[in-house]
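Asks: Take 1 as the starting number for the sequence shown in UniProt numbering and just add one per residue.
Where a beta carbon is used, it is the ideal one built from N, C-alpha and C, also for glycine.
Since the structure is predicted, the reported quantities are computational estimates derived from the model, not experimental observations.
I'd like to ask you about the structure that follows.
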Amino acid sequence: MPDKPQSSFDTPSLRMMRNVIQEHLAGHSPPIIVLGEPGAGKTTLLERIARDSDDIYDVCLFRAARVSSDATSLHEAILRHWLPGDAQTASTSHLLHVLCDAPPDHPPLLIIDDANRLSRAELKGILGLKHAIDQDAAARFGLILCDGSVLEPRIAALTPEFGHRQLPVSLGLRPLTRQETETFVRHRDQTLTSNDVAHLYRTSRGLPGLLIRAIATEDKSPIQTTSPIRKQLLFAAGAFAFIVIAAALLLPASPKHTHTHPLPLPPTPAAVGNAT
Numbered sequence: 001m002p003d004k005p006q007s008s009f010d011t012p013s014l015r016m017m018r019n020v021i022q023e024h025l026a027g028h029s030p031p032i033i034v035l036g037e038p039g040a041g042k043t044t045l046l047e048r049i050a051r052d053s054d055d056i057y058d059v060c061l062f063r064a065a066r067v068s069s070d071a072t073s074l075h076e077a078i079l080r081h082w083l084p085g086d087a088q089t090a091s092t093s094h095l096l097h098v099l100c101d102a103p104p105d106h107p108p109l110l111i112i113d114d115a116n117r118l119s120r121a122e123l124k125g126i127l128g129l130k131h132a133i134d135q136d137a138a139a140r141f142g143l144i145l146c147d148g149s150v151l152e153p154r155i156a157a158l159t160p161e162f163g164h165r166q167l168p169v170s171l172g173l174r175p176l177t178r179q180e181t182e183t184f185v186r187h188r189d190q191t192l193t194s195n196d197v198a199h200l201y202r203t204s205r206g207l208p209g210l211l212i213r214a215i216a217t218e219d220k221s222p223i224q225t226t227s228p229i230r231k232q233l234l235f236a237a238g239a240f241a242f243i244v245i246a247a248a249l250l251l252p253a254s255p256k257h258t259h260t261h262p263l264p265l266p267p268t269p270a271a272v273g274n275a276t
């Protein structure tokens, strides 16, 4: 069956996370960091925020590359989005002027996925840009950064240059609960048993990214869709059958004809008397 997009799946905790982010963005908020271990669903959350906020904000979604030289840099992405006609010749002051003059009901919002891959210069530049825009009381500039765990101390080290207003607000994505995992599995049109769902929950630890890979593994191998208890029973039955067959092959065959020998009877009393 075709999978439904993960971004359409929702839980109360995810809704609360999005609501908290929107509340922070409504004012002159500090940078927002979305924390979570690999597979927690950070990228999906950012994509949903970008899609849901498109009518409210002028959203620029950027995904940092592992090797910045092989992909569009953050600076280039920002210029192409907000200065598409002057991206090659625009200056930082021109960009700052455009962002500060953005309509109050449609302010700019920069979302950076895998922001932990940004260089120190890129991170410093984007914090400096936000700091400069925040000096204008009428301007707003939202900044959301996605990270595993290393971004907070890097930003804290740059705080003396921009002031405490740039200290980030950190929000963590928690893994799915057992019940949310089962809902997630049903959401993706999977027809698995309760034992299968429990097995998926244990192997994925409730992380949606790992859960999707585990479901894909289950789909590719029919054996993997068997519940753990049934797997043990099938294994035991197979092992017993193997032992029975091996024993039949290894034991010597019974002879076709058998010769019986009568047991010797004890001598009678008369026979004993004659002998004496």
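1) Rank 41, 86, 138, 64 by C-alpha distance to the C-alpha of residue 173 and give the top, closest one.
2) Does DSSP put residue 172 in a helix, in a strand, or in coil?
3) Between the segment 177 to 195 and the segment 19 to 31, do three or more beta carbon pairs fall short of 8 angstroms?
4) Leaving out five residues on either side along the sequence, give the residues of the same chain with a beta carbon under 8 angstroms from the beta carbon of residue 171.
5) Please list the terminal residues of the continuous beta strand (DSSP E) segment that includes residue 63.
6) Going by C-alpha distance, which of 9, 117, 99, 145 is nearest residue 137?
7) Tell me which residue opens and which closes the beta strand (DSSP E) that residue 85 is part of.
8) Going by C-alpha distance, which of 11, 60, 105, 92 is nearest residue 145?
9) Report the three-state DSSP secondary structure of residue 163 (helix, strand or coil).
10) Specify, as a first and last residue, the run of the alpha helix (DSSP H) that residue 34 falls within.
11) Counting along the chain, where does the beta strand (DSSP E) carrying residue 142 start and finish?
12) The alpha helix (DSSP H) with residue 134 in it runs from where to where?
13) Would you identify the three-state DSSP class for residue 52, choosing helix, strand or coil?
14) What are the boundary residues of the beta strand (DSSP E) that includes residue 109?
15) Is it buried or exposed for residue 277, if we count other Cβ within 10 angstroms and need 16 for buried?
16) Counting along the chain, where does the alpha helix (DSSP H) carrying residue 15 start and finish?
17) What residue range does the alpha helix (DSSP H) around residue 203 cover?
18) Can you tell me the Cα-Cα spacing of residue 13 and residue 143, whole angstroms?
19) Skipping 5 residues on each side, what residues in its chain have a beta carbon closer than 7 angstroms to that of residue 124?
20) Just to confirm, are residue 29 and residue 169 a CB contact at a threshold of 8 angstroms?
21) Let me know if residue 86 comes out buried or exposed under the rule of 16 or more other beta-carbons within 10 Å of its beta-carbon.
22) Going by the CB atoms, is the gap between residue 120 and residue 65 shorter than 8 angstroms?
23) Verify whether the separation of the beta carbon atoms of residue 111 and residue 155 is less than 8 angstroms.
24) As a quick exercise: from 209, 75, 80, pick the residue whose alpha carbon is nearest that of residue 127.
25) Determine whether the beta carbon atoms of residue 134 and residue 178 lie at a separation below 8 angstroms.
Replies: Checking against the coordinates, here is how it stands:
1) Within the sequence shown, numbered from 1, the residue matching residue 173 stands at position 173. Checked all of 41, 86, 138, 64; the closest Cα to residue 173 is 41.
2) Position 172 of the sequence shown, counting from 1, holds the residue named residue 172. Here residue 172 sits in strand by DSSP.
3) no
4) Here residue 171 refers to the residue found at position 171 when the sequence shown is read from its first residue. The residues are 17, 20, 21, 32, 33, 34, 35.
5) Here residue 63 is taken as the residue at index 63 of the sequence shown, counted from 1. Counting along the chain, the beta strand (DSSP E) containing residue 63 begins and ends at 58 to 63.
6) Start at 1 with the first residue of the sequence shown, and residue 137 comes out as number 137. The option with the nearest alpha carbon to residue 137 is 99.
7) If you number the sequence shown from 1, residue 85 lands on position 85. First-last for residue 85: undefined, no H or E at that position.
8) Counting from 1 along the sequence shown, the entry for residue 145 is found at position 145. With distances taken between Cα atoms, residue 145 lies closest to 60.
9) Here residue 163 is taken as the residue at index 163 of the sequence shown, counted from 1. Reduced to three states, the DSSP call for residue 163 is coil.
10) Start at 1 with the first residue of the sequence shown, and residue 34 comes out as number 34. Unbroken run through residue 34 is the beta strand (DSSP E), 32 to 35; no alpha helix (DSSP H).
11) In the sequence shown, counting from the first residue as 1, residue 142 sits at position 142. Looking at the DSSP string, the run of the beta strand (DSSP E) that includes residue 142 is 142 to 147.
12) Counting from one through the sequence shown, the residue named residue 134 turns up at place 134. Where residue 134 is concerned, the enclosing alpha helix (DSSP H) stretches over 120 to 134.
13) On the sequence shown, position 52 is the one that residue 52 refers to. Helix.
14) Residue mapping note: residue 109 aligns to position 109 of the sequence shown, counting from 1. Residues 108 to 113.
15) Residue numbering for the chain in the displayed model covers 1 to 276; residue 277 lies beyond these limits and cannot be assessed.
16) As a first step, residue 15 is located in the sequence shown; it is residue number 15 there, counting from the start. Counting along the chain, the alpha helix (DSSP H) containing residue 15 begins and ends at 12 to 25.
17) Residue 203 sits at position 203 when you count from the first residue of the sequence shown. Per DSSP, residue 203 belongs to the alpha helix (DSSP H) from 194 to 204.
18) Locating residue 13 in the sequence shown gives position 13, where the first residue counts as 1. Locating residue 143 in the sequence shown gives position 143, where the first residue counts as 1. In a straight line, the C-alpha of residue 13 is about 21 angstroms away from that of residue 143.
19) Position 124 of the sequence shown, counting from 1, holds the residue named residue 124. The answer, listed in chain order, is 158.
20) Position 29 of the sequence shown holds residue 29. Position 169 of the sequence shown holds residue 169. Cβ atoms of residue 29 and residue 169: closer than 8 angstroms.
21) By one-based count along the sequence shown, residue 86 stands at place 86. Exposed.
22) Your numbering for residue 65 matches position 65 in the sequence shown. Your numbering for residue 120 matches position 120 in the sequence shown. The answer is no: Cβ separation not under 8 angstroms.
23) Position 111 of the sequence shown, counted from the start, is the residue given in the question as residue 111. Position 155 of the sequence shown, counted from the start, is the residue given in the question as residue 155. No. Outside cutoff.
24) The residue you call residue 127 lines up with position 127 of the sequence shown. That would be 75, whose Cα lies nearest to the Cα of residue 127.
25) On the sequence shown, residue 134 is found 134 positions in, with the first residue counted as 1. On the sequence shown, residue 178 is found 178 positions in, with the first residue counted as 1. Contact: no.
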